[in-house]
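Numbering (this note's numbering), first residue to last: 172 to 641.
Where a beta carbon is used, it is the ideal one built from N, C-alpha and C, also for glycine.
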Amino acid sequence: MTDKVHQVCINPDCGATYGIDEILFSCTRCRSLLDIAYDWDRLAVPHSLNFFEHRWGTKGLGAQGRLDFSGVWRFRELMPFVGPESVVTIGEGRTLLEQNDTLGRELGMKPERLFLQYEGLNPSGSFKDNGMTAAFSLARKLGRKRVACASTGNTSASVAMYAHKSDPPMQGIVFIGTGKIAYGKLSQALDYGALTLQIQGDFDACLRRVMQVSDKLGIYLMNSVNPYRLEGQKAIMYRVLQARDWEVPDWIIVPGGNLGNCSAFGKAFAELRALGLVDRIPRLAIINATGANTLYQLVEQQKVVWNGGRYDRDKVTAFYADLDARNYLPHTIASAIEISRPVNLPKSLRAVEIMNGLIREVSDEVILEHKALVGRYGFGCEPASAATVAGLRLLREQQVISPDDRVVCILTGHELKDPDATVKYHTGIDMKSVTPPPAVPPTGRAANPPIQVADDLEAICAALGETLPE
Ligand code: F0G
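See the structure below:
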């Protein structure tokens, strides 16, 4: 008898399976990404999404109440890979879907058509907490003591928070690039006590290094190549549905960075459809920043499609070889999505197929303008999140989205994550240059300054107090 839950390679020509307790971040046979797969026939799955309604009333203390309080674990039957005894939760996912007619009117939408999903209301201020609660629960089950991630900021804030909130606590190690992190996010990683390594390089370089280091030193990796992260992020879609009384919207719009979120959304809807819990699937729009537009270029210009898992790998390889040849580095004010080598690219292609999706790119200028509109008419968001609203404007202009469509923009991060971008937009003053970081080392007794380290495996291991294993 096979396990009810297992890990499976997403490459249909491989399809290797692994136990859920095997610590792997890609298929050992073909290096493709892994999925968490469920044998739903042998699991207790609700017959209707209405089943989850009662959990509003049962949230609170005690083992079950603690799970019901979480906007992720409230839907635990749809991600049944871990028992309640292992769950690490700090009340994530208590977020808000706001109907915003004023902004909708500004974008040419009819009333009651535009909804903003504020994922910035999570404990660490971004959607990442949805995935961290899931991946940390597995890490706890497996008895992991150290966890690591590379980050443009939000992942590191979330990892740092969940690491010290786990029981027992874990050590959080975060890799950040040089000068590419909003201070709101950096301040969180430092304050929550993560060991913070600042590598000479961009996010893509950090991710390569953290994957190598985690592999060599046996540290549990918390980036979105960890398939459990995406299981948790499916819950964003469940909450959108719940806030709409289980009515499926016409469009979901999400920013595209490392492409974990959009991939999770595709998986969520594929499963809901297979389980007969939804009768249709919304369309997906993934919005890239123009300065970090790998997915846009591959899908919209080079016409790369999932094709049942047999996507055109040669085109992708050639695209990256060209980036290398030009020494291309992504650049956007939306630093959260300043990524040119998204690790979840294959899964995002699958999501595009499942949700009849499309990709658009928007410039920094347009992102900032729409960020200001979300601030003026809503509760604000960080630049990457505003790419969604900017994308909606573009899709309205292109007449892809009609004024009648019901559209949900996922606002992935809190406004206060990146106040510099906001102040600079509204005043022209660059706060970072007004208050340059002090040259003297900090003297506070609880200070936790980042460690500057070269983009070099040996030097990184030394900074972690280890020598590079043979
Ligand atoms: N929006 C925000 C606010 C983010 O922080 C990120 C990713 C994204 C969108 C893109 O999401 O990677 O799932 O496509 N931030 C990562 C980080 C990369 O390190 O914090 P994605």
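Taking 8 Å as the upper bound for CB-CB distance, Y548 and T273 are in contact here, some 4 Å apart.
Just measuring C-alpha positions, the residue of N221, A558, A305, A592 sitting nearest V259 is A305.
According to the DSSP assignment, H541 belongs to the alpha helix (DSSP H) that extends over 535–548. Taking every protein chain shown into account, the CB of I600 has fewer than 16 other CB atoms within 10 angstroms, so this residue is exposed. In the structure shown, Y399 adopts helical secondary structure according to DSSP, grouped into three states. Contact check for L278 against R512 fails: the beta carbons are separated by 8 Å or more. Between the region 253–267 and the region 309–324, the count of Cβ pairs shorter than 8 Å is three or higher; the stretches touch. Spatial neighbours of R454 in its own chain (CB-CB distance under 8 Å, excluding positions within 5 residues in sequence) are listed in chain order as D421, W422, I423, M526, N527, G528, L529.
Within the DSSP bridge table, the entry for G480 names no partner. In this structure, the beta-carbon distance from I390 to R484 does not fall below 8 Å. Inclusion of C433 in the 7 Å shell around ligand 1 follows from its C-beta lying nearer than that to a non-hydrogen atom of the ligand. Between Q359 and S295, the C-beta spacing is below 8 Å. Per the C-alpha coordinates, the member of V419, A445, K405 positioned closest to S434 is K405. Counting the other Cβ atoms within 10 Å of the Cβ of D300 gives 16 or more, which makes it buried. L469 sits away from N459, with the two beta carbons spaced by 8 Å or more.
When A634, T593, P517, L366 are compared, the shortest CA-CA separation from S556 is found for T593. For Q178, the pairing in a beta bridge is given by DSSP as Y189, I207.
Judged by their CB atoms, G403 and V243 are nearer to each other than the 8 Å cut-off. In the DSSP assignment, C320 is bridged to V345. In the displayed model, S506 falls within a helix according to three-state DSSP. Cα atoms of A334 and R213: separation of roughly 33 Å, rounded to the nearest angstrom. A Cβ-Cβ separation of about 17 Å leaves L204 out of contact with Q383 under the 8 Å criterion. In this structure, the alpha-carbon of I508 lies about 19 Å from that of A319. Rounded to whole angstroms, the separation of the alpha carbons of E471 and R237 is 44 Å.
Secondary structure at R512: coil, using DSSP grouped into helix, strand and coil. Within the same chain, Y596 come within 6 Å of L539 by CB-CB distance, once the 5 residues on both sides are set aside. The nearest non-hydrogen atom of ligand 1 is less than 7 Å from the C-beta of A555. Around the beta-carbon of C580, 16 or more other beta-carbon atoms lie within 10 Å, marking it buried. Annotation for P590: the continuous alpha helix (DSSP H) segment containing it runs 590–598.
The C-alpha of L635 is placed about 49 Å away from the C-alpha of H218. Apart from sequence neighbours up to five positions away, the residues of its chain that approach P183 with a beta-carbon distance below 8 Å are G479, G480, R481, ordered along the chain. In terms of Cα proximity to R400, the closest of A234, T188, T559, M250 is M250. Here Q371 has T349, A625, D626 as same chain residues with Cβ atoms under 7 Å from its own Cβ, once five neighbours each way along the sequence are excluded. The three-state reading of DSSP puts W244 in helix, counting H, G and I together. For S506, the CB contacts under 8 Å within the same chain, skipping 5 residues up- and downstream, are T323, G324, K351, I352, A353, P554, A555, D589 in chain order.
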